[in-house]
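The sequence shown stops at residue 195 when you use our numbering, and every number in between is there. We put the beta carbon where it would ideally sit given N, CA and C, even for glycine. The structure presented is a predicted model; accordingly, all values stated were derived computationally and were not measured. Down below is the structure, laid out as structure tokens.
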Amino acid sequence: KRKVYGIWLYVMSRMPYTFLLISNGGQIALCLVAATLMLSRGYGIPGTAILLVGVGNGLWLFVARDRLAFASLLLEHCCRVVASYSGVIALAVGALVVQMVYICMWSKIVQVVYREHSGGWMIVLLVMFYWTTQVVQNVVHVAVSGVMGTWYFMHSHQTEDPTTPCLRRALTTSLGSVCLGSLGIAPVKTL
Numbered sequence: 005k006r007k008v009y010g011i012w013l014y015v016m017s018r019m020p021y022t023f024l025l026i027s028n029g030g031q032i033a034l035c036l037v038a039a040t041l042m043l044s045r046g047y048g049i050p051g052t053a054i055l056l057v058g059v060g061n062g063l064w065l066f067v068a069r070d071r072l073a074f075a076s077l078l079l080e081h082c083c084r085v086v087a088s089y090s091g092v093i094a095l096a097v098g099a100l101v102v103q104m105v106y107i108c109m110w111s112k113i114v115q116v117v118y119r120e121h122s123g124g125w126m127i128v129l130l131v132m133f134y135w136t137t138q139v140v141q142n143v144v145h146v147a148v149s150g151v152m153g154t155w156y157f158m159h160s161h162q163t164e165d166p167t168t169p170c171l172r173r174a175l176t177t178s179l180g181s182v183c184l185g186s187l188g189i190a191p192v193k194t195l
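Next up, the structure:
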């Protein structure tokens, strides 16, 4: 089978435990640096909030340290599956392009509505923005989950990339569930 590796995929597959530690440690360090900068410049509430996020991430990493070995094993296997089925990477890139085109169109609509209508329409546009981006994100999630499930249950009998059939199912039979689930997230993100 053809192997497709990006830099991050290669690093994750070769040293998943170290990758998890560096990723989580980097996020904690970034939160602490950002909180320090905000607090030193007088932004008390956001600085404290970011500090709490950093401390919470640090506590989680400490509490979950025994689970990192299992998580790194799962990460290693997922990287192998993604590398084996290049359609997953193409799907992610395609979704990124769709998101970028949508954001450009949405931004243009926001400009027109902002000039000509009241603020109530802006809330509608925000819900629409979050809902659509969540739908695209969740379609990719459902399709990639289908690829992982196909690999897990059928990998000895699988001869071709299952991404296309999984994407077809995500865009047809599962689309209603994806849209409904995404609609539940959109108002929360709008707040």
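- V117 and M104 have their alpha carbons spaced roughly 20 Å apart.
- Taking all protein chains in view, the Cβ of C108 is surrounded by fewer than 16 other Cβ atoms within 10 Å, so the residue is classified as exposed.
- DSSP places T176 in the coil class of the three-state scheme, outside both helix and strand.
- Beta-carbon to beta-carbon, L175 and V143 are separated by about 6 Å, close enough to satisfy the 8 Å threshold.
- Taking C-alpha positions only, A147 is separated from Q31 by approximately 28 Å.
- In this structure, the beta-carbon distance from A94 to V140 does not fall below 8 Å.
- Cβ neighbours of Y106 within its own chain (closer than 8 Å, five residues either side excluded): T136, T137, V140.
- Only residues of its own chain outside the window of five on either side were considered, and among them V131, Y134, W135, Q138 have a CB closer than 7 Å to the CB of A190, listed in chain order.
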